[in-house]
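A quick write-up on the structure given underneath.
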Amino acid sequence: MTTPFVSVIIPVYNDSERLHKCLESLEHQTYPQAYYEVIVVDNNSTEDLKSIVSQFKQAQYEFESAPGSYAARNKGINHAKGEIFAFIDSDCLPQDYWIAEGVNSLKTNSADLVGGQVTFTFSPAKGPAELYDSVTNMQIKENIETRKISKTANLFTYKYVFDKIGLFPAHLKSGGDVLWTKKATDANFQLVYAPAAEVFHPARNFWELMQKQYRVGKGQLKILQAEGQSTPAVVTGALKGLLKPPSMKKIQELTERKGLGLETTNLFSIWLVSWMCQASKGLGRLSKLAAESSLLNR
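Our numbering numbers the first residue of the sequence shown as 220 and each following residue consecutively.
Below you can see the structure in the form of C-alpha cells.
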C-alpha cells in the first residue's frame, strides 16, 4: 500500500510563540518525513514569522495579504503538493502521531473527510470562561454526529474534495469551515470522527472568548441566510441572545453531561459567561447585518 503525501496547512496571524510550539511538534511526527510538508500562511502579521518557519525543515512560508484565515488556507491549498490536506491552527499542539492517525482514519473508514479530537488545556486558574469554552466549542464528535460538520482546527481531507466543491469561502472571518464541511457532506462526501488524531487547544479566557463569539456571530449571518432565515428572524434571534438569559437548568445539564463537577458559585459564573457569549454573538450578527445594509444602500 502506497504512503500518501500530506500537506499540513496552518494559517496564522502573529501568534509566534504558539506557532513555534506547533511547528516543533509537526517536525517530529511519526509519519515519514519524506511524505509530508507543512505550509505556514502568514496572514499579514506584524511579527516576523518567516524567521520562525525557517527553523524547521518540514515547513515552508507563504504570505496572504487578504484578511481572514480562510483566505490564508486557500493560499496554502494552492501551493500544496499533497493528495491529502491536513488543517490545524497555530494555537494547537498536535500529538506526535497526529498525521499518521488522521491518514489511517481516512483509509480504514473509506472516508473523504476526518475530524480529529480537540482536547482543551487550561491555565492554572481554570476560570469559568475557560470551562465554558471547553464544553461548548470544538465539540468535534458531537458536531460530526449531529450536524455533519467539522472544524479546521483539526481536519483531514483529500484534494479531490476541494476539486469537486471548491475552496473555503474566503470572504468569511468565522464559520467558513462549518459551511465548507456541510457543503461537502451535502454532496455525499463521508465525514468521520477520529479520536486518535488528537490536538491540544488552549481554552480561551474571558476576553478571548468574547472576541471569538463576536467573530462567530458575524460569520453566522451568512450561514443563517444560506439556511433561509429572513432579516427580521436574524434580528429577533440576535436580540433574544442579548436580552434573554440562558436557562440555568440547561447550563447545569450541560456541565454535568460534560463531566464538570461544580460548586454553585462556579455554575453561576459559567451561566453568566454563557449569557455574555450569547450577547457577543448577537452583536456580531447585528454588526454584520448593518454593514451589509450599508453597502446595499450606497
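Glycine included, every Cβ here is placed at the ideal spot set by N, Cα and C.
Let me know if Phe408 comes out buried or exposed under the rule of 16 or more other beta-carbons within 10 Å of its beta-carbon. buried
Where do the ends of the beta strand (DSSP E) carrying Ser288 lie? Per DSSP, Ser288 belongs to no beta strand (DSSP E); it is in the alpha helix (DSSP H), Ser288 to His298.
Thinking C-beta only, is Asp308 closer than 9 Å to Ala372? yes
Apply the 10 Å Cβ neighbour rule to Gly480 and answer buried if 16 or more other Cβ atoms are within range, or exposed otherwise. exposed
Taking the beta carbon of Ser400 as the centre, do at least 16 other beta carbons fall within 10 Å, making it buried, or is it exposed? This sequence places Thr at residue 400; Ser is not what is there. Per the 10 Å Cβ criterion, buried.
Please report the distance separating the alpha-carbon of Glu283 from that of Tyr316. 29 Å
Please state if the CB of Val227 and the CB of Gly334 are separated by a distance shorter than 9 Å. no
Looking at Trp426 and Pro465, is the spacing between their C-beta atoms short of 9 Å? no
N- and C-terminal bounds of the beta strand (DSSP E) containing Lys377: In the sequence as displayed, the identity of residue 377 is Tyr instead of Lys. Note, Tyr377: beta strand (DSSP E), Asn373 to Tyr377.
Look at the alpha carbon of Thr450 and the alpha carbon of Ile359, and state the distance between them as a whole number of angstroms. 30 Å
Taking all protein chains shown into account, decide if Thr474 is buried (16 or more other Cβ within 10 angstroms of its Cβ) or exposed. buried
Under the assumption that Gly436 contacts Ser512 (Cβ atoms under 8 Å), give the Cβ distance between them as a whole number of angstroms. Wrong, their Cβ atoms sit about 16 Å apart, outside the cutoff.
So what does His203 bridge to, in DSSP terms? Coverage of the chain is limited to positions 220 through 517, which leaves residue 203 absent and any answer about it impossible.
Would you tell me roughly how many angstroms separate the C-alpha atoms of Asn323 and Val225, rounded to the nearest one? 12 Å
Which residues mark the beginning and the end of the alpha helix (DSSP H) in which Thr340 is found? No alpha helix (DSSP H) contains Thr340, which is instead part of the beta strand (DSSP E) from Leu332 to Thr340.
Would Gln314 and Glu417 be called neighbours here (beta carbons separated by less than 9 Å)? yes
Per DSSP, which one or two residues make a beta bridge with Leu312? Phe419
Going by Cα to Cα distance, which pick from Leu505, Ile303 and Val257 is closest to Leu443? Leu505
Tell me which residues share the same chain as Pro257 and place their Cβ nearer than 6 Å to its Cβ, disregarding the 5 neighbours each side in the sequence. Note that residue 257 is Val in the sequence shown, not Pro. If we look at Val257 and ignore the five residues flanking it on each side, its Cβ neighbours are Val227, Leu245, Gln277 and Ala278.
Phe425 - containing alpha helix (DSSP H), residue span: Phe425 to Ala445
Label Phe387 either buried or exposed according to how many other C-beta atoms from any shown protein chain fall within 10 Å of its C-beta, with 16 as the threshold for buried. buried
Are the CB atoms of Val354 and Lys469 nearer to each other than 9 Å? no
Could you have a look at Glu266 and say whether DSSP puts it in helix, strand or coil? coil
Per-residue DSSP class, three states only, for Pro347: helix
Check whether the Cβ atoms of Ala299 and Ala389 sit closer than 9 Å, and answer yes or no. no
Can you name, in chain order, every residue of its own chain whose Cβ lies under 6 Å from the Cβ of Ser288, other than the five neighbours on each side? Pro230
Could you please give me the residues that DSSP links to Phe282 through a beta bridge? Asp261
According to DSSP, what are the bridge partners of Val227? Val257 and Ala305
Per DSSP, what kind of secondary structure is Leu518 in: helix, strand or coil? Within the shown structure, residues of the chain are numbered from 220 to 517, placing residue 518 beyond reach of any answer.
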